[in-house]
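Heads up, the numbering used here is the position in the sequence shown plus 19, with the first residue counted as 1.
Beta carbons are placed, not taken as given, at the ideal position from N, Cα and C, and that holds for glycine.
Small disclaimer: the values here were computed from a predicted structure and weren't measured.
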Amino acid sequence: LANWLRHKEVYDKMRKLRFFGLFGLSKAFKNWRWNVRQYLFNYARSYVGVCLMGATREFGPALAQCAEIATKVNQNQQDEEWVRQGSMSSGRWTLEKKEGWEHGLVEHG
Numbered sequence: 020l021a022n023w024l025r026h027k028e029v030y031d032k033m034r035k036l037r038f039f040g041l042f043g044l045s046k047a048f049k050n051w052r053w054n055v056r057q058y059l060f061n062y063a064r065s066y067v068g069v070c071l072m073g074a075t076r077e078f079g080p081a082l083a084q085c086a087e088i089a090t091k092v093n094q095n096q097q098d099e100e101w102v103r104q105g106s107m108s109s110g111r112w113t114l115e116k117k118e119g120w121e122h123g124l125v126e127h128g
């Protein structure tokens, strides 16, 4: 018990020193700062990757072409729909123009 009390007194005196007293607090802030900087770095890297990929000579034309194709596919999907001709079990599927969807509204009368 006497040995433990001596160690406790030394530990308490060391904790009163400025360096050791603030060690736990400074370590927590250093970890927090590293986490925040890592998050900001990853966010900036993903932003640059998404927004500036088309600005490069190698990828710009290919990405523009892909965007154009995706736009055309989206327009076709809005204008046409797959309809089953015949019975539900053996009918054929055909692509037909949507009726009443020119402006996104259907009038029931």
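| Item | Value |
| --- | --- |
| Starting from F38 and walking both ways along the alpha helix (DSSP H), at which residues does that stretch end? | R37 to G40 |
| Where does H122 fall in DSSP's three states? | Caution applies to H122, whose pLDDT of 46 falls short of 50 and renders its modelled position unreliable; the model cannot decide the point. |
| So what does DSSP say about R76, is it helix, strand or coil? | coil |
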